[in-house]
Structure formats: C-alpha cells, structure tokens
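For reference, the structure is listed below as structure tokens.
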Amino acid sequence: MLAILSRLFERLPQTGGESNGSHINVTIVESGAQYVQHIDTQIFGDSKPLETVELPSPQEVPPPTTSAEERIRNSIARLMEEEYNNEKLFNLQSHWQAVYRILVDKGFCKDSNFDAFDAFIRNVMPEHVNKPYTKASVKQISQTDFSRPFKDWSFDTQTSKTRKPYDRMRTIALRFIEILEKNSL
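If you're matching positions, the sequence shown starts at 1 in our numbering and goes up one per residue.
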C-alpha cells in the first residue's frame, strides 16, 4: 500500500502545474478482507484516473518469503521432530556435528571457524532442541571422519568401531539436507 501511495505522490506534480490543488482518495480495507479487485486513484482537477492497479487473485499470490535464517531455524526444529527406530533421530550432542557439516557444505558457515558457527547457530537456534548445542561438541568434529564434506563420508573400519553411530549420523545429515531443500535452501 505504501508503494502505491509513494508512486501517487511522485505523480502529483505532473498534473500540469495548475494551482487548483490535489486530492487523493484512499480506501482502507479492514483486516480479514480476502482481497480487493482494483484500486482507483484520481487527481482532483480533470478527474481522470491517474492509474488503476490490478491486484492478483489470492491463488496467484506467492506465499510470504522468510529469511534464510528463519528457514534454517524451521529446518532444525523439524529435524528435532524426526524419529529413528522409535526414538528421536537427534538424541546426542554430537549430532550437532551433522548440522554443522551440512551448513558448512551449503555455504552458510566456513569450515573450521567454530566461533562463527557458534554465533550463527545461537542466532538460528529453535526454542526447543532435543540435545543442547555446545561449541565443544561441534569442535570435536575435527577428530572424526565427519570433518570431511558430506559427499566424502564413508564408513571406515579403521577409525570406527561400529557402524551404528556412522549410520545414524549419516541419516541425520541426509534428513537435514532434505528438510533444507524443502525449505528452498
């Protein structure tokens, strides 16, 4: 609405410079109205419509956009709801390493810059998380196979004792990628 009014005020001097004044009719639509067919604006004087703005139908209006940070917050919140073998998928502090790795791979954070990641994740942290985030738990990634980009992850019998932790971490990372992509990230 403000954009339309701004354009009107820009056009007011274009009425030929006559000093007979100007007049703008503004219709206020109460909250709860679905949509308005059109808005007519007029310049007082010759009473010719200056501009008619056609508004899209409700079906054509795209959903409101949210910031990347808000979509990441929503994605993390969704990840916290995921189930794995009848329990929460995300159930250890070390699982924040999967979130870190994927956000680094997607370019939201820089690799090995744990202070910046700490500030970023605290900014996008949802209100409820299954396991509290700590910078120390994410810093430990540098001592694991998960420090490599996700596409390079593989189970290594030399560095891993059992396959279960690897499979779970991989499942968390894959599910987080899917959720981020559904949120256009």
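Even glycine gets a Cβ: it sits at the ideal position worked out from N, Cα and C.
Whole-Å CB distance - Arg-101 paired with Phe-150, under 8 angstroms assumed: To locate residue 101, count along the sequence shown from 1; it is residue 101. To locate residue 150, count along the sequence shown from 1; it is residue 150. The beta-carbon separation of Arg-101 and Phe-150, rounded to 6 angstroms, stays under the 8 angstroms limit for a contact.
Inter-residue spacing [alpha-carbon to alpha-carbon] between Arg-175 and Leu-79: To locate residue 175, count along the sequence shown from 1; it is residue 175. To locate residue 79, count along the sequence shown from 1; it is residue 79. Taken atom to atom, the span from the alpha-carbon of Arg-175 to that of Leu-79 is near 7 angstroms.
Residue span of the alpha helix (DSSP H) that contains Lys-182, given as start and end: Mapped onto the sequence shown, residue 182 falls at position 182. Start and end: 163-182.
Three-state secondary structure (DSSP) of Lys-88: Here residue 88 is taken as the residue at index 88 of the sequence shown, counted from 1. Under the three-state reduction of DSSP, Lys-88 is assigned to strand.
Assumed close pair Ile-179, Pro-126 - CB separation to whole angstroms, cut-off 8 angstroms: Your numbering for residue 179 matches position 179 in the sequence shown. Your numbering for residue 126 matches position 126 in the sequence shown. Not confirmed; about 12 angstroms, so no contact.
Reduced DSSP category for Glu-82 - H, G, I as helix; E, B as strand; rest coil: Along the sequence shown, one-based indexing puts residue 82 at 82. In this structure, Glu-82 counts as coil in the three-state DSSP scheme.
The region 131-147 in contact with the region 95-112 per 3-pair CB rule at 8 angstroms: Because the criterion of three Cβ pairs below 8 angstroms is met, the region 131-147 and the region 95-112 touch.
C-beta atoms of Thr-159 and Asp-145 nearer than 8 angstroms: Here residue 159 refers to the residue found at position 159 of the sequence shown. Here residue 145 refers to the residue found at position 145 of the sequence shown. Their beta carbons are under 8 angstroms apart, which means Thr-159 touches Asp-145 by this criterion.
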